[in-house]
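Using the working numbering, you'd call the opening residue of the sequence shown number 98 and step up by one each time.
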Amino acid sequence: MKILVFIETDNGDVVASSWEALGKALSLSDDVAALVVGHNVGDVASEAGARGASVVYVVDDASRAEFDLDLVVADTKAALAEAGTNALLAVHTGNGRDLAAAVAADLNAGFLADCLELRQEDGVLVGVRPLYSGNILADVRAASDVQIATLRPRSAEAAANTGASADIVTLQPAAVDSRMQVLEVKHAETGEISLTDANVIVSGGRGVAKDPELGFKLIRELADTLGAAVGASRAAVDAGFIEYKHQVGQTGKVVRPDMYIACGISGAVQHLAGMSSSKIIVAINKDSEAPIFSVANYGIVGDLFEVVPAMNEAFKAKLNKG
Ligand SMILES: Cc1cc2nc3c(=O)[nH]c(=O)nc-3n(C[C@H](O)[C@H](O)[C@H](O)COP(=O)(O)OP(=O)(O)OC[C@H]3O[C@@H](n4cnc5c(N)ncnc54)[C@H](O)[C@@H]3O)c2cc1C
98 MKILVFIETD NGDVVASSWE ALGKALSLSD DVAALVVGHN VGDVASEAGA RGASVVYVVD
158 DASRAEFDLD LVVADTKAAL AEAGTNALLA VHTGNGRDLA AAVAADLNAG FLADCLELRQ
218 EDGVLVGVRP LYSGNILADV RAASDVQIAT LRPRSAEAAA NTGASADIVT LQPAAVDSRM
278 QVLEVKHAET GEISLTDANV IVSGGRGVAK DPELGFKLIR ELADTLGAAV GASRAAVDAG
338 FIEYKHQVGQ TGKVVRPDMY IACGISGAVQ HLAGMSSSKI IVAINKDSEA PIFSVANYGI
398 VGDLFEVVPA MNEAFKAKLN KG
């Protein structure tokens with residue numbers, strides 16, 4: 098099965114989670130091509146080859162500087178025809194899912210959206226995706242010949258850069274009129290490290306309940322020292338201790354940092370679904386029987402209101418952060 102992977106760009110730079118879609122495709126097939134659409138995206142195209150795509154199709158044009166759905170859909174359909182494949186994989190970002198849904202609609206195909214896992218069975222893609230607000234995880238497959246799927250960010254390992262080189266095939270921009278005009282692009286400037294990009298995450302759960310404000314203040318201080326993002330369990334979000342954008346888990350974000358520090362989180366299966374692929378898991382919980390300890394590499398049985406500040410002081414000393 099030949100798979101075409103859409104490598105998303107933003108302002109000439111790659112959207113890094115695209116490499117995870119490429120990594121997943123390479124784990125499913127020996128025959129993986131990539132598509133890069135944008136302006137001044139030559140480096141991204143070369144990197145797609147270095148990361149394992151055997152052919153990279155590139156549409157590099159000033160008209161593609163901003164993501165314009167009508168144009169990118171037309172380019173993607175042209176690239177599928179050029180590559181001679183019916184299988185398209187993108188990462189489930191805002192743009193990735195718009196693109197995959199629009200291509201699927203145009204080609205009258207099924208769309209496996211927001212997959213946490215993908216496998217191939219008899220040349221057909223089978224996705225595992227959450228349904229009904231995450232209450233069930235379903236195996237889904239498209240009944241159509243055309244196979245289109247998106248993968249949730251951080252659900253797979255990024256394709257490694259091995260320095261390989263690919264055939265780079267330049268495609269002319271598809272000659273279509275767009276029905277939209279991009280007037281302005283505004284990037285959110287939160288000053289916070291994004292959860293899905295963070296190498297280290299410090300998360301808080303209902304264990305902060307006796308003083309949520311202080312609990313999350315201590316968690317943020319530790320996160321600041323470590324250059325980490327702040328995460329949370331759904332119980333902490335539902336209780337209003339912290340905003341939803343911090344939620345990790347089946348109905349929150351899937352993360353895969355180098356280190357995940359869970360403070361006062363019991364380790365419910367829906368939370369583990371979002372963080373159990375972290376490289377190192379540190380759990381702080383006053384209940385030595387808490388299920389989080391079964392996935393933790395390091396466990397500290399204690400009160401987070403004492404342990405977190407002590408860890409912060411120790412890291413500050415170690416990292417010379419005064
Ligand atoms: C459809 C569905 C989707 C869901 N999606 C998600 C999701 O995306 N993410 C998610 O997180 N959950 C999700 N949940 C909820 C999940 O089932 C759990 O209810 C939730 O994860 C529990 O959060 P918690 O661990 O913070 O709270 P609890 O389970 O209440 O655990 C709190 C922990 O803190 C410990 N503790 C208490 N005080 C302290 C202290 N002072 N110091 C140290 N430890 C202390 C306790 O021993 C306990 O282990 C979902 C549930 C459903 C049904």
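Yeah, the Cβ is synthetic: ideal placement off N, Cα and C, and Gly gets one too.
In this text, all values refer to a predicted model and were calculated from it rather than measured experimentally.
Buried or exposed by the 16-neighbour rule on C-beta atoms within 10 Å, applied to residue i
i           : result
residue 229 : exposed
residue 218 : exposed
residue 278 : exposed
residue 310 : exposed
residue 154 : buried
residue 251 : buried
residue 267 : exposed
residue 149 : buried
residue 144 : buried
residue 276 : exposed
Nonlocal neighbours in the same chain, by C-beta distance under 6 angstroms from residue i, ignoring five residues either side
i           : result
residue 397 : 381 and 404
residue 140 : none
residue 147 : 258, 260 and 261
residue 242 : 183
Other residues of its chain near residue i: CB distance less than 8 angstroms, five sequence neighbours each side excluded
i           : result
residue 341 : 334 and 349
For residue i, the nearest candidate out of the options (CA to CA)
i           : options               : result
residue 181 : 353, 371, 290 and 101 : 101
residue 318 : 374, 234, 409 and 236 : 409
residue 256 : 121, 419 and 126      : 121
residue 134 : 332, 281 and 171      : 171
residue 299 : 311, 106, 276 and 315 : 315
residue 332 : 392, 130, 237 and 304 : 304
residue 321 : 339, 384, 406 and 392 : 406
Ligand 1 heavy atom lying under 7 angstroms from the CB of residue i
i           : result
residue 348 : yes
residue 136 : no
residue 361 : yes
residue 183 : no
residue 345 : yes
residue 368 : yes
residue 393 : no
residue 402 : yes
residue 304 : yes
residue 381 : yes
residue 232 : yes
residue 124 : no
residue 38  : Any property of residue 38 remains undetermined from this structure, which presents the chain solely from 98 to 419.
Own chain partners of residue i with C-beta closer than 7 angstroms, once the 5 adjacent residues on each side are dropped
i           : result
residue 118 : 102, 186, 187, 188 and 248
residue 77  : No answer is possible for residue 77: the residues shown for the chain start at 98 and end at 419.
Short CB-CB distance (under 8 angstroms) between residue i and chain D
i           : result
residue 177 : As a matter of chain content, chain D is missing from the structure shown, which is built from one protein chain.
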